[in-house]
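See below for the structure under consideration.
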Amino acid sequence: MTTADDLFSVAGQSVLISGGSRGIGRAIAEGFAERGARVIISSRNPETLGQAAEEMRQAGLSVESVVCDVSSEEEITQAVEQVLGTAGHIDTLVNVAGVNRRKRAETVTTEDYDFIMDTNLRGAFLLSRAVGRHMIERGSGAQINIQSLNTWMPLKGVLPYAMSKFGMQGMTRALALEWGPRGVRVNSLSPGFILTDLTRKLWSDKTMQEWNAANAPLGRLGVPDDMVGTAIFLASRASAFMTGQTLYVDGGFSSGWNWPIPLD
Ligand code: NAP
């Protein structure tokens, strides 16, 4: 018999999280570690990464770190080898690493495009593939891709970012098709508007705050901790019959359009 606790348990899992040093990735890392998972966080900057891991360890959590820029195939190969060398296996991969640059479409440079796509889409694919090969060999594993509201409907001014997140949606579903029969589940979590380093400047603007207050069904911006429950769900047996899906954790934004129609 499965108890409620077993159903959502990630205790004992080995979990690799790209972009785990800050923001959404860090909250998810802490969420897994607090529930007994062995967590390995990765990102580009050794100082912030090491510091994040150290802070989590000081809080009594089982967290290791491995420096890895997901835009480098070589670094991904080395990082995955290193993680497998120390942890032995990976139960769950969370593809969080992501970047953005807000610009008008006609001013997006080729370098902007490559920078965003190489991290958000190519990087996520390379990491999924490297870890996926290992998961297929074991015949089990879960992968969680962090998408965006841009997968539901693109926002103005973030063309390459929206393209990368649409691509991630395609990757999630295509991998689910191929890897489902091999025991590997692939799903996505799409955060709404979450206050992090990536978005802090944007949401310090009063007009933006007013727009959110007027349009967000749950009436507030999200915080990184809002992502934890869904990530745990997607990694646990509670979602054992789910693959290729995208869950929006967005305060209700994707439920529909708000419009200024007068109502009694
Ligand atoms: P954030 O606070 O800027 O954190 C980004 C994380 O990714 C950091 O750990 C960063 O560490 C790492 N990173 C960036 N480029 C990388 C690379 N090439 N290789 C490895 N790691 C890299 O951003 P966030 O807001 O938490 O966003 C995390 C994810 O959620 C992104 O995929 C983003 O698109 C998505 N998202 C965010 C929001 C939001 O409102 N915040 C909404 C929807 C989706 P280093 O700088 O040290 O590499």
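Heads up: the sequence shown runs through residues 71 to 334, numbered per this note's numbering.
Every residue, glycine too, gets a C-beta built ideally from N, C-alpha and C.
On the three-state DSSP scale, how would you describe residue i?
| i | result |
| --- | --- |
| Q148 | helix |
| L86 | strand |
| Q217 | coil |
| I110 | strand |
| R174 | coil |
| T162 | strand |
| A212 | strand |
| R255 | strand |
| G292 | strand |
Could you check which residue in the options has the C-alpha nearest to that of residue i?
| i | options | result |
| --- | --- | --- |
| Q315 | G240, L268, W329, S306 | G240 |
| W249 | Y318, L131, R203, T180 | R203 |
| G253 | M126, S210, S141, V228 | S210 |
| A99 | T118, G130, G322, M126 | M126 |
| S113 | R105, S132, V150 | V150 |
| R192 | M205, I206, M238 | M238 |
Indicate whether residue i and residue j have their beta-carbon atoms separated by less than 9 Å.
| i | j | result |
| --- | --- | --- |
| Q148 | C138 | yes |
| L163 | I94 | no |
| T269 | S258 | no |
| S91 | N115 | yes |
| S84 | A157 | yes |
| S324 | G262 | yes |
| L86 | V153 | yes |
| A232 | P224 | yes |
| S234 | D320 | no |
| V293 | I264 | yes |
| R108 | E134 | yes |
| M312 | R255 | yes |
| T180 | V140 | no |
Name, in chain order, the residues that DSSP records as bridge partners for residue i.
| i | result |
| --- | --- |
| P261 | V319 |
| S135 | I111 |
Below 8 Å, how does it come out for the segment 264-280 and the segment 198-212: are there three or more Cβ pairs, yes or no? Using a Cβ-Cβ distance cut-off of 8 Å, the segment 264-280 and the segment 198-212 are not in contact, since fewer than three pairs of beta carbons, one from each stretch, lie closer than that value.
Touch test, the segment 211-220 against the segment 165-184, Cβ-Cβ under 8 Å, three pairs minimum: The segment 211-220, when compared against the segment 165-184, does touch it at the 8 Å Cβ threshold.
Evaluate the contact criterion for the segment 76-89 versus the segment 307-323: three or more CB pairs, one atom per stretch, below 8 Å. Three or more pairs of CB atoms, one per stretch, sit closer than 8 Å, so the segment 76-89 contacts the segment 307-323.
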